[in-house]
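Enquirer: Taken in order, these protein sequences are the chains called L and Y. Residues 1 to 336 in the working numbering are what the first sequence lists, from first letter to last. Residues 337 to 672 in the working numbering are what the second sequence lists, from first letter to last. Pasting in a structure now, in structure tokens, and then I'll have a few things to ask.
2 protein chains.
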Amino acid sequence: MTRRVTLMDVSKQAGVGVATVSRALAAEPHRDVSPATRERIRRIADDLGYRPSLAARALRTGEYRALSVIVPDFEWGWWEPVVRSAYNAAEEHGYHLLVHPVGERRGGAAGTISALSNVPTDGVIVLGFSASREVQNAAAALRLPVVSVDDTEANPILPTVSVDNRAGGRMATEHLLSQGRQRLAYVGNTWAGNFVDQRIQGFRDAHDSAGIEVNDRLILRCENPWDDPPFTFKELDELLADGVRIDGMFCEYDRMAGPALRSLRRAGLTVPGDVAVVGYDDEEWAKLTDPPLTTIRQPYEELGALAVSLAIQAQTRPVAAERRTVVPTLRKRQSA
Amino acid sequence: MTRRVTLMDVSKQAGVGVATVSRALAAEPHRDVSPATRERIRRIADDLGYRPSLAARALRTGEYRALSVIVPDFEWGWWEPVVRSAYNAAEEHGYHLLVHPVGERRGGAAGTISALSNVPTDGVIVLGFSASREVQNAAAALRLPVVSVDDTEANPILPTVSVDNRAGGRMATEHLLSQGRQRLAYVGNTWAGNFVDQRIQGFRDAHDSAGIEVNDRLILRCENPWDDPPFTFKELDELLADGVRIDGMFCEYDRMAGPALRSLRRAGLTVPGDVAVVGYDDEEWAKLTDPPLTTIRQPYEELGALAVSLAIQAQTRPVAAERRTVVPTLRKRQSA
DNA sequence: TTGTATGCGTTATCAT
DNA sequence: ATGATAACGCATACAA
Numbered sequence: 001m002t003r004r005v006t007l008m009d010v011s012k013q014a015g016v017g018v019a020t021v022s023r024a025l026a027a028e029p030h031r032d033v034s035p036a037t038r039e040r041i042r043r044i045a046d047d048l049g050y051r052p053s054l055a056a057r058a059l060r061t062g063e064y065r066a067l068s069v070i071v072p073d074f075e076w077g078w079w080e081p082v083v084r085s086a087y088n089a090a091e092e093h094g095y096h097l098l099v100h101p102v103g104e105r106r107g108g109a110a111g112t113i114s115a116l117s118n119v120p121t122d123g124v125i126v127l128g129f130s131a132s133r134e135v136q137n138a139a140a141a142l143r144l145p146v147v148s149v150d151d152t153e154a155n156p157i158l159p160t161v162s163v164d165n166r167a168g169g170r171m172a173t174e175h176l177l178s179q180g181r182q183r184l185a186y187v188g189n190t191w192a193g194n195f196v197d198q199r200i201q202g203f204r205d206a207h208d209s210a211g212i213e214v215n216d217r218l219i220l221r222c223e224n225p226w227d228d229p230p231f232t233f234k235e236l237d238e239l240l241a242d243g244v245r246i247d248g249m250f251c252e253y254d255r256m257a258g259p260a261l262r263s264l265r266r267a268g269l270t271v272p273g274d275v276a277v278v279g280y281d282d283e284e285w286a287k288l289t290d291p292p293l294t295t296i297r298q299p300y301e302e303l304g305a306l307a308v309s310l311a312i313q314a315q316t317r318p319v320a321a322e323r324r325t326v327v328p329t330l331r332k333r334q335s336a
Numbered sequence: 337m338t339r340r341v342t343l344m345d346v347s348k349q350a351g352v353g354v355a356t357v358s359r360a361l362a363a364e365p366h367r368d369v370s371p372a373t374r375e376r377i378r379r380i381a382d383d384l385g386y387r388p389s390l391a392a393r394a395l396r397t398g399e400y401r402a403l404s405v406i407v408p409d410f411e412w413g414w415w416e417p418v419v420r421s422a423y424n425a426a427e428e429h430g431y432h433l434l435v436h437p438v439g440e441r442r443g444g445a446a447g448t449i450s451a452l453s454n455v456p457t458d459g460v461i462v463l464g465f466s467a468s469r470e471v472q473n474a475a476a477a478l479r480l481p482v483v484s485v486d487d488t489e490a491n492p493i494l495p496t497v498s499v500d501n502r503a504g505g506r507m508a509t510e511h512l513l514s515q516g517r518q519r520l521a522y523v524g525n526t527w528a529g530n531f532v533d534q535r536i537q538g539f540r541d542a543h544d545s546a547g548i549e550v551n552d553r554l555i556l557r558c559e560n561p562w563d564d565p566p567f568t569f570k571e572l573d574e575l576l577a578d579g580v581r582i583d584g585m586f587c588e589y590d591r592m593a594g595p596a597l598r599s600l601r602r603a604g605l606t607v608p609g610d611v612a613v614v615g616y617d618d619e620e621w622a623k624l625t626d627p628p629l630t631t632i633r634q635p636y637e638e639l640g641a642l643a644v645s646l647a648i649q650a651q652t653r654p655v656a657a658e659r660r661t662v663v664p665t666l667r668k669r670q671s672a
């Protein structure tokens with residue numbers, strides 16, 4: 001391992017001062033350096049294999065030009081496209097994006113943010129967590145601005161970008177109703193959460209507009225059956241066994257579709273013939289279910305780009321702790 | 337935004353020199369500082385909200401204590417658990433792990449590595465790319481050691497950690513044969529690649545051991561049907577329509593299972609009754625197919641941990657450009 | 001247009 | 001056990 005090539009080396013080789021070299025190598029052509037020398041110096045730097053020291057630069061400028069995004073690593077999938085778009089957006093701003101999965105062992109989102117004291121970063125984007133005080137405090141302790149994505153708390157305490165879940169629920173339901181389906185089930189998880197309430201609210205909204213009454217018995221809260229046979233939703237199995245008829249189903253999120261489709265098939269119902277099914281999230285594998293899943297697609301690209309732009313803004317001037325809402329769209333496939 | 341708290345501030349407050357403060361705040365108790373002052377200084381630092389400057393530290397020590405992992409962002413899914421285990425392993429070594437998705441626009445793996453000149457990092461782990469000369473050169477230009485994961489080239493030019501695909505293919509096939517299945521199809525993608533050859537070789541190995549002849553007509557190379565109805569594999573549809581009987585199927589990787597299962601169902605075949613199906617990768621959603629997919633699980637945890645350990649080693653002493661192989665396991669579910 | 005000199009905050013070396 | 005100080009490599013204010 002030879003010593004690293006520094007500005008000094010380049011300057012000596014070029015027979016000019018380090019300042020000139022620094023200016024010549026600046027990203028955007030510096031006004032105080034002749035194109036000729038700029039060109040000459042850049043060539044020499046290249047020949048010598050010069051690479052700027054990020055540490056030295058950051059020490060001098062006080063910024064790393066990097067953002068960190070905290071992702072929930074126990075929930076695979078949905079956040080990937082957000083990270084992707086954030087990465088691209090960051091790049092366009094000349095920033096790098098560092099991705100940090102939250103480990104159970106790492107004390108959740110707040111713990112992961114605290115660990116960022118050892119990561120060179122200028123700002124934090126938190127994906128998919130309700131931004132509690134703890135998150136806010138952890139970031140404040142590091143003097144890092146935070147932006148939250150997909151936090152569905154009623155009153156955000158941070159600048160927040162999120163999707164209109166109520167509109168999404170409504171959209172899914174309207175799609176089902178518009179096909180003449182009348183007896184719709186809502187198949188949700190057992191957990192509670194604002195986004196759940198919002199999607200159900202959308203479900204109700206659509207019924208109201210259509211003048212159809214919601215049968216509360218069809219609003220199901222199901223236990224995860226993912227690890228034990230027969231991998232169906234027993235709540236749904238029982239409902240169907242009781243002879244309750246449904247002709248449409250809105251799954252709280254795509255992952256509910258696997259067990260739900262199995263329950264339907266087990267009950268001898270076809271999709272979409274007997275029952276039309278709509279999911280939520282448009283995860284990559286939604287096209288792999290049988291039949292391919294019609295679903296609500298979150299505007300992942302917007303989410304990522306917006307979050308990055310807010311995070312960069314927040315570095316210089318405070319950004320209001322208010323919610324920016326983006327709207328989902330319907331992705332039609334074969335299940336409804 | 338007030339000025340940041342530095343060692344100087346702490347030292348003045350404590351009435352000691354900066355060196356003492358630096359020693360007192362070192363991660364592992366420094367031998368040259370009394371426990372009393374150590375304790376006192378740490379408290380003061382805490383009170384003042386002192387955070388070390390990573391830039392200054394890195395400038396001084398010459399290392400960031402961070403590794404970068406390059407992941408193929410166009411292939412969702414399989415690498416997630418590897419990143420997770422790598423993250424944990426890195427943490428145990430006192431390192432941070434930075435995750436970098438490769439963008440199409442970013443010039444592939446090599447391009448993404450080059451972009452790391454703007455990322456504070458001490459080493460690179462490349463996931464899921466055949467480590468070409470380009471990758472090697474890109475890393476060399478940055479003077480960063482590289483470790484490759486899941487590169488299936490015959491002769492690795494980098495330290496490489498990979499899974500025994502031949503053993504995996506054999507394992508999947510033996511599982512099918514052991515159930516008395518005799519007419520097995522191999523359902524693969526149209527692409528070529530060493531890992532494909534290896535899995536097929538394992539498929540053949542198992543047949544050889546069982547004294548069963550492979551019917552080459554049953555080795556299918558199918559076009560992706562993921563974006564167009566009817567979302568089945570037409571190659572498989574045709575085979576079945578021709579009246580060819582199969583009773584078992586090995587999918588080259590889990591994602592092939594969606595269309596394959598649809599093809600089977602469309603042909604009126606049940607799974608696993610008529611046809612037993614085994615996948616490869618054990619992706620998260622493998623449990624969502626109907627029936628839940630029996631599959632070959634790659635030892636993701638080992639892959640990540642091993643890669644990190646090699647990358648850290650490579651920082652100090654050269655690590656041989658040889659392949660370390662780990663073995664997959666069978667994950668039994670309902671499809672076979 | 002270019003060169004010189006300073007300081008960013010830390011750790012390590014050398015005194016004491 | 002502690003303190004003073006040099007050096008890491010860069011960007012910039014200021015001088016030329």
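Beta carbons are placed, not taken as given, at the ideal position from N, Cα and C, and that holds for glycine. Note that this is a predicted model, so its numbers are computed, not measured.
In three-state DSSP terms, what is Y:Leu666?
Expert: strand
Enquirer: Can you pull the chain Y neighbours of L:Ser117, defined as C-beta to C-beta under 7 angstroms?
Expert: Arg387
Enquirer: Decide if L:Gln179 is buried, meaning its Cβ has at least 16 other Cβ atoms within 10 Å, or exposed.
Expert: When all chains shown are included, L:Gln179 counts as exposed.
Enquirer: Which of the three DSSP states is assigned to Y:Leu605 in this structure?
Expert: coil
Enquirer: In the DSSP assignment, what residue or residues form a beta bridge with L:Met249?
Expert: L:Ala185, L:Val277
Enquirer: Strictly by DSSP, which residues pair up with L:Ala66?
Expert: L:His96
Enquirer: Can you name the residues of chain Y whose CB is closer than 9 angstroms to the CB of L:Gln334?
Expert: Correct list: Pro565, Pro566, Phe567.
Enquirer: If you follow the beta strand (DSSP E) that Y:Leu463 is in, where does it begin and where does it stop?
Expert: 459 to 463
Enquirer: Can you give the Cα-Cα distance for Y:Ile449 and Y:Leu390, rounded to whole angstroms?
Expert: 22 angstroms
Enquirer: Would you list the residues sitting across from L:Val147 in a DSSP beta bridge?
Expert: The partner list for L:Val147 (beta bridge, DSSP) reads L:Ile125.
Enquirer: Check whether the segment 623 to 640 of chain Y touches the segment 258 to 265 of chain L, counting contact only when three or more Cβ pairs, one atom from each stretch, lie closer than 8 angstroms.
Expert: Contact holds: three or more Cβ-Cβ distances are below 8 angstroms.
Enquirer: Taking the alpha carbon of L:Gly108 as the reference point, which residue from L:Ile219, L:Ala27, L:Val71, L:Asn224 has its own alpha carbon closest?
Expert: L:Val71
Enquirer: Relative to the C-alpha of Y:Glu619, which residue among Y:Leu395, Y:Tyr400, Y:Glu416 is closest?
Expert: Y:Glu416
Enquirer: Indicate the three-state DSSP secondary structure (helix, strand or coil) for Y:Val499 in the structure shown.
Expert: strand
Enquirer: At a cut of 8 angstroms, does the segment 490 to 501 of chain Y reach the segment 530 to 545 of chain Y through at least three beta carbon pairs?
Expert: Taking a contact to require three or more Cβ pairs closer than 8 angstroms, the segment 490 to 501 of chain Y and the segment 530 to 545 of chain Y qualify as touching.
Enquirer: Grab the span of the alpha helix (DSSP H) containing Y:Ile377 for me, first residue to last.
Expert: 371 to 384
Enquirer: Are L:Ser148 and L:Ala131 touching if we call contact CB-CB under 8 angstroms?
Expert: yes
Enquirer: For Y:Asp573, count the other beta carbons within 10 Å of its own beta carbon; 16 or more makes it buried, fewer makes it exposed. Which is it?
Expert: buried
Enquirer: Count the other CB atoms, across all protein chains shown, that sit within 10 Å of the CB of Y:Ala363; report buried if there are 16 or more and exposed otherwise.
Expert: exposed
Enquirer: Is it true that the segment 350 to 357 of chain Y meets the segment 313 to 324 of chain L, where meeting means three or more beta-carbon pairs spaced less than 8 angstroms apart?
Expert: no
Enquirer: Within the 8 angstroms Cβ cut-off, does Y:Val419 reach chain L?
Expert: yes
Enquirer: Give me the chain L residues within the contact set of Y:Lys306, using Cβ-Cβ distance strictly less than 8 angstroms, ordered along the chain.
Expert: Because chain Y in this structure spans residues 337 to 672, residue 306 of chain Y falls outside the shown range and cannot be described.
Enquirer: Can you tell me whether L:Val21 is helix, strand or coil according to DSSP?
Expert: helix
Enquirer: With DSSP as the reference, label L:Arg297 as helix, strand or coil.
Expert: strand
Enquirer: Using a Cβ cut-off of 8 angstroms (strictly closer), state whether Y:His432 contacts chain L.
Expert: yes
Enquirer: If you compare alpha carbons, which of L:Val319, L:Pro328, L:Gly202, L:Asn224 is closest to L:Pro145?
Expert: Here the closest residue by C-alpha is L:Val319.
Enquirer: By a C-beta neighbour count over all protein chains shown, 10 Å radius and 16 as the cutoff for buried, is L:Ser34 buried or exposed?
Expert: When all chains shown are included, L:Ser34 counts as exposed.
Enquirer: Could you tell me which whole alpha helix (DSSP H) segments of length 4 or greater appear in the segment 193 to 244 of chain L?
Expert: DSSP runs (the alpha helix (DSSP H)) wholly in the segment 193 to 244 of chain L: 194 to 210, 234 to 241.
Enquirer: Taking 8 angstroms as the cut-off, does the segment 419 to 428 of chain Y touch the segment 78 to 96 of chain L (at least 3 CB pairs, one atom from each stretch)?
Expert: Contact between the segment 78 to 96 of chain L and the segment 419 to 428 of chain Y is not established, with fewer than three Cβ pairs separated by less than 8 angstroms.
Enquirer: If I measure Cβ to Cβ from Y:Pro365 and keep anything under 7 angstroms in the same chain, skipping five residues before and after, which residues do I get?
Expert: Arg374
Enquirer: Could you tell me how far apart the beta carbons of L:Arg323 and L:Leu306 are, in whole angstroms, since I believe they sit closer than 8 angstroms?
Expert: Wrong, their Cβ atoms sit about 11 angstroms apart, outside the cutoff.
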